[in-house]
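Peer 1: Structure incoming, see below.
This is the structure we're talking about:
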């Protein structure tokens with residue numbers, strides 16, 4: 617009896633792990649939600665430290681069409697590789713229901729890729745009546761946007 | 089005795105322990121601070137429509153359009169065939185473009201049929217140039233104020 621009462625009103629040698637567990641669970645949940653958002657498609661060595669690209673939240677949206685060109689041999693939409701002949705058809709299908717102002721295809725190309733490969737992709741895209749291309753590039757941090 | 093140990097103390101304490109709540113909120117704050125700068129960004133470029141074989145009418149060349157070229161062998165950037173620095177340093181190109189756009193603004197050189205200043209820039213690069221270098225040139229042109237930026241797709245050299 618005396619020992620039990622001492623546990624509440626005198627010394628308590630147990631560490632209270634409840635807040636820690638709370639924090640860890642929240643961290644776990646947040647990373648579970650965020651990870652798929654950050655890693656869409658294949659990883660590409662994007663051009664970095666660019667001064668003036670415009671931020672565009674649409675790039676990360678599921679509905680937008682992003683073609684990734686990680687090297688000189690492959691084109692990816694999402695996580696699937698497409699040969700250049702099938703790319704046009706795929707873009708056409710994805711673009712089918714888009715209003716004219718939303719008809720933009722994003723290209724995520726690695727810096728080491730030959731421009732010719734990118735041109736090939738763009739050439740295929742424009743055959744589907746898309747004339748706007750978004751070239752995805754990383755913006756330099758702490759850079760004030762230039763006056764336009 | 090049994091009552092007091094079960095109740096957790098002799099007096100009822102009505103204050104809420106907010107420490108876990110604050111812990112969680114701080115962690116949330118930190119995570120969002122880390123994630124926010126990862127918002128993606130892009131250059132918008134336009135491509136001319138595909139040339140149709142049956143359409144042989146020659147389009148009137150626009151004397152105001154600027155063409156930036158990249159020379160494959162020595163990495164020199166040209167602006168309307170004038171050398172304007174090289175790929176490792178785009179400040180010269182940037183300066184020239186800014187000056188041209190400024191002059192046009194002062195002189196009121198407008199795009200045909202509108203009252204926007206003509207700032208169209210075309211980029212023409214051989215196919216074997218690294219994509220990274222092309223993007224660097226696009227970045228320089230965009231920083232100078234070029235809008236829209238067009239990519240030449242047809243008749244590129246290797």
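Protein chains in written order, with our numbering: chain E, 617 to 764; chain D, 89 to 246. C-beta atoms are modelled at their ideal positions from N, C-alpha and C, and glycine is treated no differently.
#1: Whole angstroms are fine: how far does the CA of residue 241 of chain D sit from the CA of residue 158 of chain D?
#2: So for residue 180 of chain D, helix, strand or coil by DSSP?
#3: Suppose the cutoff is 6 Å on Cβ atoms and the five residues either side in sequence are ignored; what does the same chain contact list for residue 133 of chain D look like?
#4: If we ignore side chains and look at the alpha-carbon of each, how far apart do residue 194 of chain D and residue 228 of chain D end up?
#5: Below 8 Å on the Cβ atoms is my contact criterion, and I expect residue 217 of chain D with residue 160 of chain D to pass it. Report the Cβ-Cβ distance as a whole number of Å.
#6: If you drop the 5 nearest sequence neighbours on each side, which residues of the same chain put their C-beta closer than 8 Å to that of residue 732 of chain E?
#7: I'd like to know if residue 239 of chain D contacts chain E, where contact means its C-beta is closer than 8 Å to some C-beta of that chain.
#8: Strictly under 8 Å for the Cβ-Cβ distance: is residue 644 of chain E near chain D by that measure?
#9: To be precise: take each residue of the stretch 149-183 of chain D, compare its Cβ to all Cβ atoms of chain E, and keep it if any distance is under 9 Å. Which residues remain?
#10: Secondary structure at residue 166 of chain D, three-state DSSP: helix, strand or coil?
#11: Under three-state DSSP, which class holds residue 161 of chain D?
#12: Pick from D:112, D:122, D:108, D:137: whose alpha carbon is nearest that of residue 744 of chain E?
#13: Taking Cβ-Cβ distances shorter than 7 Å, what residues in chain D pair up with residue 667 of chain E?
#14: So, helix, strand or coil for residue 137 of chain D, using DSSP?
#15: So residue 244 of chain D packs on residue 735 of chain E, CB below 8 Å; how close in whole Å?
#16: What's the C-alpha gap between residue 668 of chain E and residue 128 of chain D?
#17: Any idea which residues DSSP pairs residue 725 of chain E with across the strands?
#18: Counting contacts by CB-CB distance shorter than 8 Å, is residue 202 of chain D in contact with chain E?
#19: Taking all protein chains shown into account, do 16 or more other C-beta atoms lie within 10 angstroms of the C-beta of residue 231 of chain D, making it buried, or fewer, making it exposed?
Peer 2: Taking the structure as given:
#1: One alpha carbon belongs to residue 158 of chain D, the other to residue 241 of chain D, and they sit about 14 Å apart.
#2: Helix.
#3: Close CB contacts of residue 133 of chain D within its chain, under the 6 Å cut and outside five residues either way in sequence, are with 237, 239 (chain order).
#4: Between residue 194 of chain D and residue 228 of chain D, the C-alpha separation is close to 22 Å.
#5: Confirmed, about 6 Å.
#6: Sequence-distant Cβ neighbours of residue 732 of chain E in its own chain, meaning closer than 8 Å and more than five residues away, do not exist here.
#7: Closer than 8 Å to some Cβ of chain E, the Cβ of residue 239 of chain D qualifies, so yes.
#8: For residue 644 of chain E, the answer is no, since every Cβ of chain D falls outside 8 Å of its Cβ.
#9: Those residues of the stretch 149-183 of chain D placed with their C-beta closer than 9 Å to a C-beta in chain E are 158, ordered along the chain.
#10: Residue state, collapsed to three classes: strand.
#11: In this structure, residue 161 of chain D counts as coil in the three-state DSSP scheme.
#12: Residue D:137 is the option with its Cα nearest to residue 744 of chain E.
#13: Result: 227, 231.
#14: Taken through DSSP and simplified to helix, strand or coil, residue 137 of chain D comes out as coil.
#15: Contact holds; Cβ gap of about 6 Å.
#16: Near 12 Å, if we compare the C-alpha coordinates of residue 128 of chain D and residue 668 of chain E.
#17: In the DSSP output, where bridge partners are listed per residue, residue 725 of chain E has E:685.
#18: By this cut-off, residue 202 of chain D is not an interface position.
#19: The residue in question, residue 231 of chain D, is buried, as its Cβ has 16 or more Cβ neighbours within 10 Å.
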